[in-house]
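In what follows, a structure is listed as structure tokens, so that the remarks can point back to it.
Chains as they are written, first to last, in our numbering: chain A, 123 to 237; chain B, 4 to 117.
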């Protein structure tokens, strides 16, 4: 039983560069979520997909951020023209809709450092 | 706007003692309240969760107590062990159809002294 996986685990980039992260959810989970966590804080919701449809986006998701889940399986999160304020841990979670509690299971995260 | 307030920020408990972390919420539409445990450099791991139709849920050494009228819930860790040293987050999710995001508290850094 494999959990949620994320790649890469760490990314260091220079301000202004574009970065892309990948998330593979738990097999058969049809919901996929992206959160951002800064040091000493709880995760903050960014967006979520049900299958391939992006159903909710946070105001935190500026126009430099784009997320996709083209085939309803893995998802990518792209940040264009990165800024130092984008430095954070980017967490992916997945869940199975229609289960009683719809528990969200998190991956290990991708730590982004923008220099 | 902080919708879920968590306290304390940090907590030190002796091995074998009871660790208690509290959370309060304002949004009466919340209907699902999970607790997550996070070790440094790792993603949050679901520990235990509760819905408002019960006042208490116990799984092993972990218990959630829920007070709907006060809009408060808490995590109790019995017989706390050094391996429980981690950051704990409470969270809440709305019952509104289509709303799936978890709203997290600020976290409690728990240290269990041996």
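We put the CB at the ideal spot given by N, CA and C, even for glycine.
Output, in chain order, the set of chain B residues within a Cβ distance shorter than 8 Å of residue i.
i             : result
residue 170/A : 103, 104
residue 178/A : 101, 102, 103, 104
Excluding sequence positions up to five away, which residues of its chain have a Cβ less than 8 Å from the Cβ of residue i?
i             : result
residue 88/B  : 113, 114, 115
residue 150/A : 218
residue 31/B  : 74
residue 99/B  : 32
Just to confirm, are residue i and residue j a CB contact at a threshold of 9 Å?
i             : j             : result
residue 182/A : residue 171/A : no
residue 36/B  : residue 54/B  : yes
residue 235/A : residue 135/A : yes
residue 15/B  : residue 111/B : no
residue 131/A : residue 197/A : no
residue 40/B  : residue 109/B : no
residue 126/A : residue 216/A : yes
According to DSSP, which residues form a beta bridge with residue i?
i             : result
residue 211/A : 159/A, 233/A
residue 190/A : 198/A
residue 61/B  : 66/B
Name, please, each residue of chain A whose Cβ falls closer than 9 Å to the Cβ of residue i.
i            : result
residue 49/B : 225, 226, 227, 228
residue 3/B  : The structure shown does not extend to residue 3/B, since chain B is modelled only from 4 to 117, so the question has no answer here.
residue 52/B : 223, 225
Leaving aside the five residues before and after residue i along the sequence, list all residues of the same chain whose C-beta is less than 6 Å from its C-beta, in chain order.
i             : result
residue 165/A : 157, 159, 213
residue 60/B  : 53, 67
residue 211/A : 159, 231, 233
residue 38/B  : 50, 51, 78, 93
Output, in chain order, the set of chain B residues within a Cβ distance shorter than 7 Å of residue i.
i             : result
residue 231/A : 46
residue 167/A : 104, 105
At what residues does the beta strand (DSSP E) containing residue i begin and finish?
i             : result
residue 99/B  : First-last for residue 99/B: undefined, no H or E at that position.
residue 183/A : Premise fails: residue 183/A is in no beta strand (DSSP E) and is neither H nor E.
residue 151/A : From DSSP, residue 151/A is part of no beta strand (DSSP E); its letter is neither H nor E.
residue 134/A : 132–135
Given residue i, which residues of its chain have a CB within under 7 Å of its CB, disregarding the five upstream and five downstream residues?
i             : result
residue 208/A : 201, 234, 236
Which residues in chain B sit within 9 Å of residue i, going by Cβ to Cβ distance?
i             : result
residue 213/A : 46, 47
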